[in-house]
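Novice:
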DNA sequence: CGACAAAAGACAGCCAGGGTGTCTATTATT
DNA sequence: AATAATAGACACCCTGGCTGTCTTTTGTCG
């Protein structure tokens, strides 16, 4: 049965949301109710070397001001620390805190568990085939993870 | 090569965005620069029978107030008409205009063209296999298409 | 070395598309 | 007839994006 292009797009979105919603719910169950997917993603980038608002903005393909906003939230919640950069007085250097790393580790484990479940349901080879195809079709572009609103929202919806 | 669960989620999102961004850009090229994916989706639901703000909200799994907001935008732009419902004085009956149907038809054609391109790149059977698997994994859940911000944004990003 | 350009972060205000709360009018149910 | 449920309108809020502006600091160039 051949589907419409719009159905395909919605299936991809549905798959994404199934994973992300499940991961967010599990993280909330583990005590991290205030961690949105975009926060997790930003922390990953910071942990990977984006140690300033401007660099984080470049990594996430968003403006430095938006990045700074996210950083402020993460700092407020104790996931990220921000101090002056000894090498450059203009900059503030970012670091993921121990708490932040704990979120990252747990998030990683949860996502991998969810993926395993998918592999068990459709077969590991099939899942890898999907991943390879998607990589070929869309994986070359850096995916923009900007997720205002819905993906950053509290779990427990819809209204 | 086995990937992480988070990578899988991002691949799905990347695929979705590749399709949606391309479709939005093409629609804009055809003169519909003010049509966001969420607008297209809302119009589909209205055309399919969601003839009131409350029903549209239920279809999209959003509040009636949010639905009303989207409707107001669509009405303003001439894609949807809203008049009193002769059967129920509480209601406003919604209808997609001719202009709105034109957007829907073009959007449909564009998405199908994009899907065909994918089928040509990875093979029609492979693409259908992906669709079937995704349907099995996540297709049973109504996907919430609420897309504040990024997906509703103008084409031409990132900044 | 000085002038100028580029970069950093902070501050301010704006936006889209979600949300909640409240209200009045209408319809449905008991 | 009384009450419950529903509709839309209005108001305000939120998140995570955006743009513009500013001052300070660093880098580049003549």
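Protein chains in written order, with our numbering: chain G, -2 to 156; chain D, -2 to 156. Every residue gets a Cβ at the ideal spot worked out from N, C-alpha and C, and that includes glycine. Bear in mind the structure is a predicted one, so any value in this text is a computation, not a measurement.
Identify which residue in G/120, G/116, G/109, G/134 has its Cα closest to the Cα of residue 120 of chain D.
Specialist: G/134
Novice: Using only alpha-carbon positions, find the residue among G/100, G/88, G/61, G/85 that is nearest to residue 75 of chain G.
Specialist: When each option's Cα is compared against that of residue 75 of chain G, the closest is G/100.
Novice: Flag this pair as yes or no: are the beta carbons of residue 128 of chain G and residue 0 of chain D separated by less than 7 Å?
Specialist: yes
Novice: Bridge partners of residue 35 of chain D, per DSSP?
Specialist: Answer is none; residue 35 of chain D lacks a bridge partner.
Novice: So what does residue 4 of chain D bridge to, in DSSP terms?
Specialist: Note: residue 4 of chain D sits in no beta bridge, so no partner.
Novice: Any C-beta of chain G within less than 8 Å: which residues of the segment -2 to 24 of chain D qualify?
Specialist: -2, -1, 0, 1, 2, 3, 4, 5, 6, 7, 8, 9, 10, 11, 12, 13, 14, 15, 16, 17, 20
Novice: Would you mind sorting residue 81 of chain G into buried or exposed? The rule is 16 or more other CB atoms within 10 Å of its CB.
Specialist: exposed
Novice: If you reduce the DSSP assignment to three classes, tell me which class residue 45 of chain G lands in.
Specialist: Secondary structure at residue 45 of chain G: coil, using DSSP grouped into helix, strand and coil.
Novice: Return the residues of the segment 89 to 102 of chain D that lie within a Cβ-Cβ distance of less than 7 Å from chain G, sorted by chain order.
Specialist: So the list is empty, because no residue satisfies the distance condition.
Novice: Which class does residue 157 of chain D belong to by DSSP, given the choice of helix, strand or coil?
Specialist: Outside the displayed range of chain D (-2 to 156) lies residue 157 of chain D, so it cannot be described from this structure.
Novice: Over the uninterrupted alpha helix (DSSP H) stretch that includes residue 56 of chain G, give me the two end residues.
Specialist: 50 to 57
Novice: Looking at C-alpha atoms only, which residue of D/51, D/57, D/38, D/131 is the closest neighbour of residue 89 of chain D?
Specialist: D/51
Novice: Taking the alpha helix (DSSP H) that residue 131 of chain D belongs to, which residues open and close that run?
Specialist: 121 to 131
Novice: Distance check for residue 130 of chain D and residue 59 of chain D, CA to CA, integer angstroms please.
Specialist: 27 Å
Novice: Do residue 2 of chain D and residue 18 of chain G have their C-beta atoms closer together than 7 Å?
Specialist: no
Novice: Measuring straight from C-alpha to C-alpha, what distance separates residue 11 of chain D and residue 57 of chain G?
Specialist: 13 Å
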